[in-house]
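Every letter in the sequence shown is one number past the one before it in our numbering, and letter 81, counting from 1, is 161.
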Amino acid sequence: MDPINPGHWTRAFFEESGLNDWWIASLTVLADLGALLVISFLADIFVRKIVVAIIQLVVKRSKVTWDDYFFKERVFHALAHLIPTLIIRTFLPIVFQDLPKWIAPLDKFLVIVLIYQFVVVVTRAARAAAHVVEDLETFKDKPLQTLLSVTLFLSWLFGSLAIVSLLTSTSLASILGALAGATAIFVLIFQDAINGLLANFQIVLYDLVKKGDWITFEKFGVDGDVVSIDLTTVKIKNFDNTISSIPAKAFVTDSFVNWRGMRLAKVRRIKRSMVIDLESVAFLTDADLVELRKIQRVNAYLDARELEIAEYNQKLGADKSSPVNGRHLTNLGVFRAYAESYLKEHPRVSNKHSIMVRQLAISGEGIPLEIYCFANTIAFEEFESIAADLFDHLIAAVPSFGIQLFQAPTAQSMRGGLPSK
């Protein structure tokens, strides 16, 4: 039996009842504890109902937005819950001075409660801070949810380790040392989460992909916009409105296409070909040149090229009896010049980017003539309309240059070539 403190302020009341020392000590502690709990409860009500209400009024009237997120995430409410716990812990030695053996275990319990409450404050504040940062233009496309998940995980991890340290009377350094010894097992169990976390840091560090990016990932059959980047996965909304989830580490180990550059440039590349029939390519005769001069777009080109070729052939002393001697204009060359001029003057083709009409390697089908330019839009419907409009015109213009496009023979064309019975 611990000695009774004769100076205790409630002891005199119970001494008058004639009870023995044990009962006097016990009832004194119970009375003081009850009074302390009531005071703590009233303090909790005061802080939550009065102080937090005043904070709410200040938040509503303020012009900044960060405090709105902190209030919405109930950060101030979590802070309010610390007050009664701190009051109880402060007066605990006074209440239990007649039963001192109870002070240490109860104080340890209160410290555990404080650790839990503090972790709650940190996690709520982290969520609020994430919302604040998300509103900043610089961070709108950053994977903040990943960093938030890491922050929450570390907060609860260190909180749990602190509680274990307190319960086992072991230093936090010793516990961390023991965990380091079990690293191999820990890595084996949580290897997916660890790989995902490391991949996430690499994604952020090297700016591989952001929320809102359009990506194409052939390995996973993905073609759409990134909607979220989590701790271990990246979610993509495909253009057919399906959702795909890809491991974050795949963006580090595998190859994918990010179309962000196209969106930033606000232009989209057109790179398509038409195949020219080899047999239709020929040198231009004087009659052909007269006919082609009716096409206004090639007049300046013909003037410049004819002058250049005439000077070259004169210096060479080329025999004009055969067009093979020296240099001469071809129908395909003039058509290429026409197509390039048409692209440069088209209002929906960007003049700030490359414009080319080039020949590719000859194949068994003919000469692929590639149109390479950039439409001044990234909208899918507009882009396809512009590309189709360009090729509609060029395909229709081909016969005017005496050349033909190649296409595989159809049943109808083959039937037409057979002798009639």
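Note that the Cβ used here is the ideal one computed from N, Cα and C, for glycine as well.
Quick one: using the 10 Å Cβ neighbour count with 16 as the cut-off for buried, is ILE356 buried or exposed?
-> buried
Could you please give the first and the last residue of the uninterrupted alpha helix (DSSP H) stretch that includes ILE77?
-> A question about residue 77 goes unanswered here, because the residues of the chain that appear run from 81 up to 501.
Consult DSSP for ALA455 and reduce its assignment to one of helix, strand or coil.
-> strand
Can you have a look at TYR381 and say buried or exposed, based on whether 16 or more other CB atoms are within 10 angstroms of its CB?
-> buried
Excluding the five sequence neighbours on either side, which residues of its own chain have a C-beta within less than 6 Å of the C-beta of ARG207, listed in chain order?
-> GLU153
Residues that DSSP places opposite TRP182 in a beta bridge | Paired residues: none, contrary to the question.
Proximity winner among GLN487, VAL414, ALA467, LEU247, relative to SER443 (alpha-carbon distances) | GLN487
Cα-Cα, which of LEU423, LEU449, ASN431, LYS432 is closest to HIS473?
-> LEU423
Comparing alpha-carbon positions, which option in LEU344, GLY301, ASP293, ALA468 lies nearest LYS351?
-> ALA468
Which residue or residues does DSSP assign as beta-bridge partners of GLY304?
-> Its beta-bridge partners are ILE295, ASN318.
Taking ARG416 as the reference, which of ARG377, VAL212, LYS188, GLU371 has the closest Cα?
-> ARG377
PHE297 versus ILE323: straight-line alpha-carbon distance, rounded = So the two alpha carbons sit approximately 13 Å from each other.
Helix, strand or coil for VAL429 per DSSP?
-> strand
Flag this pair as touching only if the region 179-197 and the region 154-162 have three or more C-beta atom pairs under 8 Å; answer yes or no.
-> Contact annotation: the region 179-197 touches the region 154-162, with at least three C-beta pairs closer than 8 Å.
Ignore the nearest five residues each way along the sequence and tell me which others in SER430's own chain have a CB closer than 8 Å to its CB.
-> VAL347, CYS453, PHE454, ALA455, ASN456
Going by DSSP, which residues form a beta bridge with LEU485?
-> Beta-bridge partners assigned by DSSP to LEU485: ILE356.
Endpoints, the beta strand (DSSP E) within which SER325 is located = 323-327
Determine the direct distance from the alpha carbon of ALA209 to that of VAL131, and round the result to whole angstroms.
-> 22 Å
Excluding the 5 residues preceding and the 5 following GLY239 in the sequence, name in chain order all residues of the same chain whose CB lies nearer than 6 Å to its CB.
-> ILE195, VAL199
Local conformation of LYS424 per DSSP, three classes = helix
How many angstroms separate the CA atom of ILE84 from the CA atom of SER235?
-> Confidence in ILE84 is poor, its pLDDT being 43 and thus under 50, which makes the residue's placement unreliable; the coordinate value appears in the next sentence. Straight-line Cα distance between these residues: approximately 43 Å.
Just to confirm, are PHE363 and PRO403 a CB contact at a threshold of 8 Å?
-> yes
With a cut-off of 8 Å on the beta carbons, I'd call GLN483 and ASN379 a contact; round off their distance for me.
-> First, the residue type needs correcting, since residue 483 is Ile and not Gln in the sequence shown. Incorrect: roughly 19 Å between the Cβ atoms, too far for contact.
Which value, in whole angstroms, describes the spacing of the CA atoms of ALA367 and LYS400?
-> 16 Å
Can you give, in chain order, each stretch of the beta strand (DSSP E) that sits fully within the region 322-408 and has at least 3 residues?
-> 323-327, 348-356
Beta carbon of VAL314, beta carbon of ILE326: below 8 Å?
-> yes
Test item: CB-CB of PHE121 and VAL139 under 8 Å | Result no, Cβ atoms of PHE121 and VAL139 do not sit closer than 8 Å.
Backbone CA spacing between MET342 and ILE466 [nearest angstrom] | 16 Å
So what's GLU214 in DSSP terms, helix, strand or just coil?
-> helix
Terminal residues of the continuous beta strand (DSSP E) containing VAL478?
-> Note, VAL478: premise wrong, no beta strand (DSSP E); not H, not E.
Taking the DSSP output, what are the residues bridged to GLN439?
-> Looking at the DSSP output, GLN439 shares a beta bridge with LEU449.
Out of ASP148, PHE176, ILE125, ARG141, state which residue places its alpha-carbon closest to the alpha-carbon of GLY114.
-> PHE176
Residues near ILE375 in its chain [Cβ-Cβ closer than 8 Å; skip 5 each side] | For ILE375, same chain residues with a beta-carbon under 8 Å away, outside a window of 5 residues either side, are TYR418, SER480 in chain order.
Cβ shell of LEU252 (< 7 Å), same chain only, five flanking positions each side left out = LEU241, ALA242, SER245
Per DSSP, what kind of secondary structure is THR410 in: helix, strand or coil?
-> Three-state DSSP puts THR410 in a strand.
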